[in-house]
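Colleague: There's a structure below that I have some questions on.
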Amino acid sequence: MSGSDTTPFLSQADDTDDGPVPGIPAMPGSMGNPKSEDPEVPVREGLQRITGLSSGRSALIVAVLCYINLLNYMDRFTVAGVLPDIEQFFDIGDSSSGLIQTVFISSYMVLAPVFGYLGDRYNRKYLMCGGIAFWSLVTLGSSFIPREQFWLLLLTRGLVGVGEASYSTIAPTLIADLFVADQRSRMLSVFYFAIPVGSGLGYIAGSKVKDVAGDWHWALRVTPGLGVVAVVLLFLVVREPPRGAVERHSNSPPLNPTSWWADLRALSRNPSFILSSLGFTAVAFVTGSLALWAPAFLLRSRVVLGETPPCLPGDSCSSSDSLIFGLITCLTGVLGVGLGVEISRRLRRSNPRADPLVCAAGLLGSAPFLFLALACARGSIVATYIFIFIGETLLSMNWAIVADILLYVVIPTRRSTAEAFQIVLSHLLGDAGSPYLIGVISDRLRRDWPPSFLSEFRALQFSLMLCAFVGALGGAAFLGTAIFIESDRRQAQLHVQGLLHEAGPADDRIVVPQRGRSTRVPVSSVLI
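Under numbering that gives the first Met the number 0, think of the first position of the sequence shown as 0, with each following residue one higher.
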């Protein structure tokens, strides 16, 4: 009996026709063909027909998403660019300063799975519009907080996480629904270029706007205006493509979505996904710590070297280090992402484990350079900048590669959940707590030494050395990923092609025949 005569009973609904049930042979001429070893990749005309969007419109949508991604990271690191001024204005120490980033990341981490769930079920365009509009309003409000209400600044920075969570979990899935194969990889690389560039622009904009306006509050009033532009562009330019339609167009049989718990269970049994996420968590720990503390550390280094006056109450703090570090972040990000993708692409021809090995080399290589940057800060600020440049370039090699690993070791119907899980893990163990942890260690060390500018410098120097150790641990996690990457990728490919069927609760579904008699029923329905 043909598989087209049956439909799954009580299966999860989808917004498009899923076609035949996975594991059941398709009718001749149907879209699903489990015997196919190489699923057909839709040509450009086929993609236009499936998505309803021209190639130019799809590229324009990606450009808008990249602009918003750049804006998100620009806002995130504007605070770091004016951190010494914030410390002086609110009269707070390093541990309280670390809370600014920690509160934001914690909120973002908690809300990411919520928006990941909503993004799989509701209109993604309107979710992003609402989230970014709310983020712009809250960011603007945070620039009017009086000096006695530091807790209110923490609250507003936490609410900013609503907007960023609404975007970061949804935008990559839009790109995945617009492009396939090499086109998708290229567009994701462009998308992730916005992270280091936006981060660097945040430092630059924060420091320069503060210098021009003479008040650090104005630095927080730039991105809300750009956020309004982002909402308008989203509303006018972006159209939502059908979810997963480009995958269903291939010769592989369509995949039925499973329950959220089944998705989590499958992801927890995917060692490549877990280990690569742990490796990426180490990247988040290091970059999160450097993002907040590097400009302040460089300023303290220059004070100790006698190259700049200290930041005293009532005076404006020097912003040259924020500007220079912002430029370094932009350049190293673009160079690192491009270098990582190109090296991985070339090595893949001879070594299928190239992706995790390149990530491991990036993290293990960055650790000694970050240590040297910290160790040389008291002797030569130029040497410190050089070592930071090399270390951040090696760190940035991971961004696009980790995203690509997730896409090819996780089946399409679980990618949004995987994105959310990776965000939670990388922030929970990474940059949610690392800025605060660095600040706490710094304050604890300062209490054991007599008060001086040298003590402030040494305390932050020793606490930041933790980043080099964590980077080495992340490199080890990527080496572990290399052990499993081939088998996990092959398993995902076989699953998508219908040549592998998961055992578990999904097998308990009863298939009700449209006509005739069903040939597929669970044993439990017979032994009643």
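Glycine included, each C-beta is placed from N, C-alpha and C at the ideal position.
In this text, all values refer to a predicted model and were calculated from it rather than measured experimentally.
1. Buried or exposed: residue 532, going by 16 or more other Cβ atoms within 10 Å of its Cβ?
2. Exposed or buried, which one is residue 71 when buried takes at least 16 other CB atoms within 10 Å?
3. Where does residue 484 sit, in a helix, a strand or coil, going by DSSP?
4. The alpha helix (DSSP H) that contains residue 125, what's its start and end?
5. Does DSSP classify residue 108 as helix, strand or coil?
6. Just to confirm, are residue 359 and residue 284 a CB contact at a threshold of 8 angstroms?
7. Who are the near neighbours of residue 137 in its chain, counting only those whose CB is closer than 6 angstroms to its CB and skipping five residues on each side?
8. According to the neighbour-count rule (16 or more other Cβ atoms, all chains shown, within 10 Å of its Cβ), is residue 397 buried or exposed?
9. Measuring straight from C-alpha to C-alpha, what distance separates residue 450 and residue 266?
10. Could you spell out where the alpha helix (DSSP H) holding residue 358 opens and where it closes?
11. What separation, rounded to the nearest whole angstrom, lies between the Cα atoms of residue 288 and residue 463?
12. Determine whether the Cβ of residue 474 lies closer than 8 angstroms to any Cβ atom of chain D.
13. Can you tell me whether residue 482 is buried or exposed? The criterion is at least 16 other CB atoms within 10 Å of its CB, across all chains shown.
14. Would you say the stretch 417–437 touches the stretch 94–113, given that touching needs at least three Cβ pairs under 8 angstroms?
15. Leaving out the 5 sequence neighbours to the left and right, which residues in its chain are closer than 6 angstroms to residue 439 when beta-carbon positions are compared?
16. Would a C-beta distance cut-off of 8 angstroms place residue 218 and residue 67 closer than the cut-off?
17. Report the CB separation of residue 294 from residue 202 in whole angstroms; it is logged as a contact under 8 angstroms.
18. Between residue 290 and residue 473, is the Cβ-Cβ spacing less than 8 angstroms?
19. Measure the C-alpha to C-alpha separation of residue 344 and residue 106 and round it to an integer number of angstroms.
20. Where does the unbroken alpha helix (DSSP H) through residue 546 begin, and where does it stop?
21. Nearest to residue 303 by CA position, among 57, 459, 104, is which residue?
22. Look at the alpha carbon of residue 126 and the alpha carbon of residue 378, and state the distance between them as a whole number of angstroms.
23. Alpha carbon to alpha carbon, what distance is there between residue 179 and residue 99?
24. Given that a residue counts as buried once 16 or more other Cβ atoms are within 10 Å of its Cβ, and exposed if not, what is residue 448?
25. Check this for me: beta carbons of residue 274 and residue 128, under 8 angstroms apart or not?
26. Measure the alpha-carbon distance for residue 175 versus residue 183 and round it to whole angstroms.
27. Quick one, which of 200, 257, 197, 135 has its alpha-carbon nearest residue 226's?
28. Residue 391 by DSSP, collapsed to three states: which one?
29. Quick test of the definition: if touching needs 3 or more C-beta pairs under 8 angstroms, does the stretch 328–342 touch the stretch 192–200?
30. Pick out the complete alpha helix (DSSP H) segments inside the stretch 183–237, 4 residues or longer, and give them in chain order.
31. List the endpoints of the continuous alpha helix (DSSP H) containing residue 304.
32. Just list the alpha helix (DSSP H) runs in the stretch 429–491, keeping only unbroken ones of 4 residues or longer that don't cross its boundaries, in chain order.
33. For the alpha helix (DSSP H) holding residue 378, just list the boundary residues, first then last.
34. Count the other C-beta atoms from every protein chain shown that fall within 10 angstroms of the C-beta of residue 401, then say buried if there are 16 or more, exposed otherwise.
35. Give me, in chain order, the residues of the same chain whose beta-carbon lies closer than 7 angstroms to that of residue 101; leave out the 5 immediate sequence neighbours on both sides.
36. Please report the residue range of the alpha helix (DSSP H) in which residue 421 lies.
Modeller: Well, looking at it:
1. Past the boundaries of the shown model lies residue 532; the chain is included only from 0 to 527, so the question cannot be answered.
2. Working through the sequence shown from its first residue, we reach residue 71 at position 72. Classification for residue 71: buried.
3. Here residue 484 refers to the residue found at position 485 when the sequence shown is read from its first residue. Residue 484: helix per DSSP, three-state reduction.
4. Taking the first residue of the sequence shown as 1, we reach residue 125 at position 126. From DSSP, the alpha helix (DSSP H) with residue 125 extends over 123–141.
5. Your numbering for residue 108 matches position 109 in the sequence shown. Residue 108 falls in the helix class under three-state DSSP.
6. In the sequence shown, the residue the question calls residue 359 occupies position 360. In the sequence shown, the residue the question calls residue 284 occupies position 285. No, Cβ-Cβ distance for residue 359 and residue 284 is not below 8 angstroms.
7. For the purposes of this step, residue 137 is taken as residue 138 along the sequence shown, with counting starting at 1. Within the same chain, residue 137 has close Cβ partners 155, 158, 159.
8. As a first step, residue 397 must be located in the sequence shown, where it is residue number 398. Counting Cβ neighbours within 10 Å, residue 397 comes out buried, since at least 16 surround it.
9. Within the sequence shown, the letter at position 451 stands for residue 450. Within the sequence shown, the letter at position 267 stands for residue 266. Those two C-alpha atoms are separated by around 50 angstroms.
10. Counted from its first residue, the sequence shown places residue 358 at position 359. Its alpha helix (DSSP H) spans residues 353–374.
11. On the sequence shown, position 289 is the one that residue 288 refers to. On the sequence shown, position 464 is the one that residue 463 refers to. Going by the C-alpha atoms only, they are around 8 angstroms apart.
12. Included in the structure is just one protein chain, with no chain D present.
13. Here the question's residue 482 lines up with position 483 in the sequence shown. Answer is exposed; the Cβ neighbour count stays below 16.
14. yes
15. Here the question's residue 439 lines up with position 440 in the sequence shown. Only 94 meet the Cβ criterion.
16. For the purposes of this step, residue 218 is identified with residue 219 of the sequence shown, where counting begins at 1. For the purposes of this step, residue 67 is identified with residue 68 of the sequence shown, where counting begins at 1. Contact: no.
17. Translated into positions along the sequence shown, residue 294 becomes position 295. Translated into positions along the sequence shown, residue 202 becomes position 203. So it is a contact: roughly 7 angstroms between Cβ atoms.
18. As a position in the sequence shown, residue 290 is number 291, starting the count at 1. As a position in the sequence shown, residue 473 is number 474, starting the count at 1. No, the pair does not count as a contact, with Cβ atoms beyond the cut-off.
19. In the sequence shown, the residue the question calls residue 344 occupies position 345. In the sequence shown, the residue the question calls residue 106 occupies position 107. One C-alpha to the other measures close to 36 angstroms.
20. Residue 546 is absent from the model: the chain starts at 0 and stops at 527.
21. On the sequence shown, position 304 is the one that residue 303 refers to. The shortest C-alpha separation from residue 303 is found at 459.
22. For the purposes of this step, residue 126 is taken as the residue at position 127 of the sequence shown. For the purposes of this step, residue 378 is taken as the residue at position 379 of the sequence shown. When rounded, the distance between both Cα atoms is 51 angstroms.
23. Stepping through the sequence shown from its first residue, residue 99 is reached at position 100. Stepping through the sequence shown from its first residue, residue 179 is reached at position 180. If you take the alpha carbons of residue 99 and residue 179, they lie about 39 angstroms apart.
24. Translated into the one-based positions of the sequence shown, residue 448 becomes position 449. By the 10 Å Cβ count, residue 448 comes out exposed.
25. If you number the sequence shown from 1, residue 274 lands on position 275. If you number the sequence shown from 1, residue 128 lands on position 129. No, they are not a contact pair.
26. Working through the sequence shown from its first residue, we reach residue 175 at position 176. Working through the sequence shown from its first residue, we reach residue 183 at position 184. Taking the straight line joining both Cα atoms gives about 6 angstroms.
27. The residue you call residue 226 lines up with position 227 of the sequence shown. Comparing Cα-Cα distances from residue 226 to each of 200, 257, 197, 135, the minimum goes to 135.
28. Locating residue 391 in the sequence shown gives position 392, where the first residue counts as 1. Correct three-state label for residue 391: helix.
29. The stretch 328–342, when compared against the stretch 192–200, does touch it at the 8 angstroms Cβ threshold.
30. Whole alpha helix (DSSP H) segments, 4+ residues: 221–236.
31. The residue labelled residue 304 in the question sits at position 305 within the sequence shown. Looking at the DSSP string, the run of the alpha helix (DSSP H) that includes residue 304 is 270–304.
32. 433–446, 452–463, all fully within the stretch 429–491.
33. The residue given as residue 378 occupies position 379 in the sequence shown. No alpha helix (DSSP H) holds residue 378; DSSP gives it neither H nor E.
34. As a position in the sequence shown, residue 401 is number 402, starting the count at 1. Buried, by the Cβ-count rule.
35. Stepping through the sequence shown from its first residue, residue 101 is reached at position 102. Result list for residue 101: 431, 432, 434, 435, in chain order.
36. Here residue 421 is taken as the residue at index 422 of the sequence shown, counted from 1. 414–425 is the extent of the alpha helix (DSSP H) around residue 421.
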